[in-house]
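In the working numbering, the protein residues as written are 362 to 674.
Just so you know, even glycine gets a beta-carbon here, dropped at the ideal spot from N, CA and C.
Let me begin by presenting the structure, written as structure tokens, before commenting on it.
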Ligand code: 8YV
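Structure representation (structure tokens):
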């Protein structure tokens, strides 16, 4: 049987390629110098798009593939896929939920500790010889026992809370409706920020969460409050965040996602009250292997005529 042709939207780890190439003919759009010409040539052959959470599939690419049957995302987020096109044409979409929650939560909690205890500056203090020259590093604020707000209590938010309870933190959360959990439900993001020393943004990105963290939420978080974002940049009004960080009206921000990433706003690099991570929430070998396998399994299921394992509905 001829292998189905697949449009690959972005790079994968080397270990993912042999199994993908055994089943499919991959066309790497991201390597093409002239993308329009490449799409015009291979688009009609393409039956699946293999992409990443951060890359997705824009309307123009979907339109260039008239025989497209499915889009397989190596990632949990599907906000970068153009759903109006997908729905109009009955194209199936799969993602990789459930396998990356622990890693994303680890990073979020690690960022809380690193920024809360100012560990990056402390490392520089030891490295630079300031410790011997200037004495002890300035004392910081205690992290354990503080108040945490979870904006979005999905799989990843729940894993964050599981870890934070080990730090004796007081947990409030925002979700569409109250859950059967022993933490405080808060319906309003401003009120959630008011109740938080550390505000974790773990919500899925869609039209209703765009700029859910706006200037009012940042004001409520206050000059000692810290924002931690491991979701998507669109969930935060980044211009308002930069203003707040520069003015010191919030205490700090630890961010794994940025508007226009990987080219991040240079204003971030000038700030001392931020911890910047290059979108590495799911970036461990174990998790990336599991994501690659789940993406492939979804593609194989589709072309074998079986239901998708993890379909985005
Ligand atoms: C990666 C992600 O950026 O899961 C997501 O939605 O954003 C990340 O895990 C990427 O998708 C890895 O391929």
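Checklist entry - In whole angstroms, what is the alpha-carbon distance linking residue 663 and residue 407? => result Taking the straight line joining both Cα atoms gives about 14 angstroms.
Checklist entry - Taking the alpha helix (DSSP H) that residue 519 falls in, what are its first and last residues? => result Note, residue 519: alpha helix (DSSP H), 516 to 526.
Next on the checklist: Using a strict less-than 5 angstroms threshold between each residue's beta carbon and the heavy atoms of the ligand 8YV, what residues do you get?
Outcome noted: Spelled out in chain order, the answer is 413, 414, 415, 435, 436, 437, 438 and 643.
Next on the checklist: Could you check whether residue 563 and residue 597 sit closer than 8 angstroms to each other, using their CB atoms as the reference points?
Outcome noted: no
Checklist entry - Helix or strand or just coil, what does DSSP make of residue 369? => result Note: residue 369 maps to strand in three-state DSSP.
Item to check | Limits of the unbroken beta strand (DSSP E) element including residue 561 | outcome: 559 to 562
Checklist entry - Since residue 648 is in the alpha helix (DSSP H), which residue starts that stretch and which ends it? => result 646 to 664
Checklist entry - When we look at the beta-carbon of residue 494 and count the other beta-carbons within 10 Å, is it buried (16 or more) or exposed? => result It is exposed - the Cβ of residue 494 has fewer than 16 other Cβ atoms within 10 Å.
Next on the checklist: Suppose contacts are defined by Cβ-Cβ distances below 8 angstroms. Is residue 420 in contact with residue 446 by that definition?
Outcome noted: yes
Checklist entry - Between which two residues does the beta strand (DSSP E) carrying residue 453 extend? => result 453 to 455 is the span of the beta strand (DSSP E), which, as asked, contains residue 453.
Item to check | Identity of the residue in 471, 435, 559 and 605 nearest residue 511 by Cα | outcome: Among 471, 435, 559 and 605, the Cα nearest to that of residue 511 belongs to 559.
Checklist entry - To the nearest whole angstrom, what separates the beta carbons of residue 554 and residue 586, a pair I think is in contact under 8 angstroms? => result 7 angstroms
Checklist entry - Closer than 8 angstroms, CB to CB, is residue 639 near chain B or not? => result Within the model displayed, chain B is absent; a lone protein chain is all it includes.
Item to check | Distance between residue 484 and residue 393 (C-alpha atoms, nearest Å) | outcome: Using only the alpha carbons, I get a separation of about 42 angstroms.
Next on the checklist: Taking the alpha carbon of residue 460 as the reference point, which residue from 658, 507 and 649 has its own alpha carbon closest?
Outcome noted: 649
Item to check | residue 474 classed as buried or exposed, judged by whether at least 16 other C-beta atoms fall within 10 angstroms | outcome: exposed
Next on the checklist: Looking only at its chain, what residues have a beta carbon closer than 6 angstroms to the beta carbon of residue 492, apart from the 5 residues adjacent to it on each side?
Outcome noted: 486
Next on the checklist: Which same chain residues end up closer than 8 angstroms to residue 533 when comparing Cβ atoms and leaving out the 5 residues on each side of it in sequence?
Outcome noted: 508, 509, 510, 511, 544, 545, 546, 547, 553, 556 and 557
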